[in-house]
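Chains as they are written, first to last, in the working numbering: chain F, 1262 to 1470; chain B, 1262 to 1470. By construction, the Cβ of each residue, glycine as well, lies at the ideal position given by its N, Cα and C atoms. Notes for the one structure printed next.
Number of protein chains: 2
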Amino acid sequence: MQDDTRERILNMAEALFAEQGFAHTSLRTITTRARVNLAAVNYHFGSKEALIQAIFSRRLVPLNRERLNRLAELETGAAPPTLEAILEAFIAPTLKDPADTDPGEIRFMRLLGRTQAGASRPLREFVHTLYAEVLDRFGGAISRALPELPQPELYWRVHFMMGVLSYTQAGTATMKLVSDCDPPGAEDQAALQRRLIPFLAAGLRAPLG
Amino acid sequence: MQDDTRERILNMAEALFAEQGFAHTSLRTITTRARVNLAAVNYHFGSKEALIQAIFSRRLVPLNRERLNRLAELETGAAPPTLEAILEAFIAPTLKDPADTDPGEIRFMRLLGRTQAGASRPLREFVHTLYAEVLDRFGGAISRALPELPQPELYWRVHFMMGVLSYTQAGTATMKLVSDCDPPGAEDQAALQRRLIPFLAAGLRAPLG
DNA sequence: GTCTATATCCTGATAGAC
DNA sequence: GTCTATCAGGATATAGAC
């Protein structure tokens, strides 16, 4: 084992954190299940907190780079992109076809959803820095697509949008009770996207109250 | 101290859990800050887990009863209630004027928002049971207000709605970055409600993708 | 009902041999 | 880089006097 150890820790920690949360997952459990020595965590990462940050950086940096690339490509055209196209650039990278996607990536989105709402302040702030550029660029693009929307209104509606996305990513399936139809399996992410975009676009475009 | 002790524990635990999360808040901290003996928690509640459930029952049972009362009153009229009226019946009990409201109630809504996304499965299931009737009744009312909306679509849109509400209740203020205007203070809950209802109503009514 | 004192366990982190 | 062994602290829960 050499650098493989690092990856094994990252993968197992990510999976366990997504299932049980940070506080209820001990370094002992992680290292045992990853068949790695307990001391390896502190050797490779320095602390549990640093391990958590490494997990977020590993997934979030490429994800947000792809979002920015998609948005940049949309903006090369002559006409400004539609609201729906902007939303798709933001959402699509998180909802890829599971067949040809690292399953860890899907687990991570669940972890991310739970973290946005529930994590400790320092961790939320760290995640925030990883999101800063994306929120800035997409906020601007949405504002240009909805020029008549006042700034504070835009602020809140983007906040609401983040709520929908992170809650959906968390996959809590709150609504098992509202109807008898089962929630669609996580397989058809494309269907989920076809539902998310009209809902969000309509909400963002709603007439002022 | 008699039954006062119970209340003191509940109030302090609620405040500390909302700030720091469940796992990072020890019974020692709670009892010390509440100026109550450590053993009192186990005498009055039996365990930390049972204390957490007691906190949720105390606030959620009356809250959901008020929601159901408001909905029942809406449905006494001849015409079926509008979508906006249904949403207001659901949301208004959580956004009361802070001036004449127990501040603990407001803290609790933050705790609830964080819990929906981030808590352990057993706790989420417990909260779920406290929500079952409300989700069933409001799901039906929304369905009657939007008769052309297919069931699975309804299911997901109500799910999205819960995401917006719980994320907003969690008060994570993700969007500090999207614009330069500060997020409005938590005082003007009425303004927040005036923003939430048009956003949600538009999303629920969105044309199918 | 309240308190002191303590049992039992598990945590993150580290020192130091290999 | 990997391992064993261990430290120091904090957790929940309880036994038993008052």
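Report the option in the options whose CA atom is closest to the CA atom of residue i.
i         : options                                    : result
Phe1317/B : Ala1276/B, Leu1469/B, Thr1362/B            : Ala1276/B
Asp1264/F : Gln1281/F, Tyr1304/F, His1285/F, Phe1283/F : Tyr1304/F
Leu1415/F : Gly1400/F, Leu1426/F, Tyr1428/F            : Gly1400/F
Pro1383/F : Gln1314/F, Ala1467/F, Glu1268/F, Leu1469/F : Gln1314/F
Leu1453/F : Asp1397/F, Arg1385/F, Asp1358/F            : Asp1358/F
Phe1351/B : Asp1363/B, Asp1361/B, Arg1267/B, Ser1427/B : Ser1427/B
Asn1330/B : Arg1405/B, Gln1450/B, Val1395/B, Ala1406/B : Val1395/B
Glu1366/F : Val1302/F, Arg1319/F, Leu1299/F            : Arg1319/F
Ser1381/F : Arg1267/B, Leu1271/B, Gly1282/B, Ala1274/B : Gly1282/B
Leu1299/B : Arg1267/B, Ala1462/B, Arg1328/B, Gly1424/B : Arg1267/B
Ser1404/F : Gln1450/F, Ala1462/F, Ala1353/F, Ala1360/F : Ala1462/F
Asp1397/F : Arg1466/F, Ala1467/F, Gln1377/F, Leu1332/F : Leu1332/F
Pro1413/B : Ala1279/F, Arg1456/F, Ala1284/F, Ile1270/F : Arg1456/F
Assign residue i to one of three DSSP states: helix, strand, or coil.
i         : result
Glu1409/B : coil
Lys1309/F : helix
His1420/B : helix
Asp1363/B : coil
Gly1400/B : helix
Thr1293/B : helix
Ser1318/B : helix
Asp1265/F : helix
Thr1286/B : coil
Ala1340/F : coil
Pro1459/F : helix
Arg1272/F : The displayed chain sequence assigns Asn, not Arg, to residue 1272/F. Asn1272/F falls in the helix class under three-state DSSP.
Cys1442/B : With a pLDDT of 48 at Cys1442/B, under the threshold of 50, the predicted position of this residue should be treated as unreliable, though the coordinate-derived value follows. In this structure, Cys1442/B counts as coil in the three-state DSSP scheme.
Leu1299/F : coil
Gly1470/F : coil
Report buried or exposed for residue i, applying the criterion of at least 16 other Cβ atoms within 10 angstroms of its Cβ.
i         : result
His1420/B : buried
Gln1238/B : The first residue shown for chain B is 1262 and the last is 1470, placing residue 1238/B beyond what the model contains.
Ile1458/F : buried
Ala1340/F : exposed
Thr1355/F : buried
Ser1287/B : exposed
Gly1338/B : exposed
Leu1373/F : buried
Leu1469/B : exposed
Glu1349/F : buried
Cys1442/F : Because Cys1442/F carries a pLDDT of 49, less than 50, the predicted location of this residue cannot be relied on, and the following value inherits that uncertainty. Classification for Cys1442/F: exposed.
Thr1390/F : exposed
Arg1296/B : exposed
Examine the ligand ADP and report whether any of its heavy atoms sits within less than 6 Å of the Cβ of residue i.
i         : result
Ser1404/B : By its list of ligands, the structure shown contains no ligand whatsoever, and the ligand ADP lies outside what it can speak to.
Quiz item: Are there three or more Cβ pairs, one per stretch, closer than 8 Å when the region 1287-1301 of chain B is compared with the region 1318-1328 of chain B?
Solution: No: fewer than three Cβ pairs fall under 8 Å.
Quiz item: Does the pairing of the region 1293-1310 of chain F with the region 1336-1356 of chain F give three or more beta-carbon distances under 8 Å?
Solution: no
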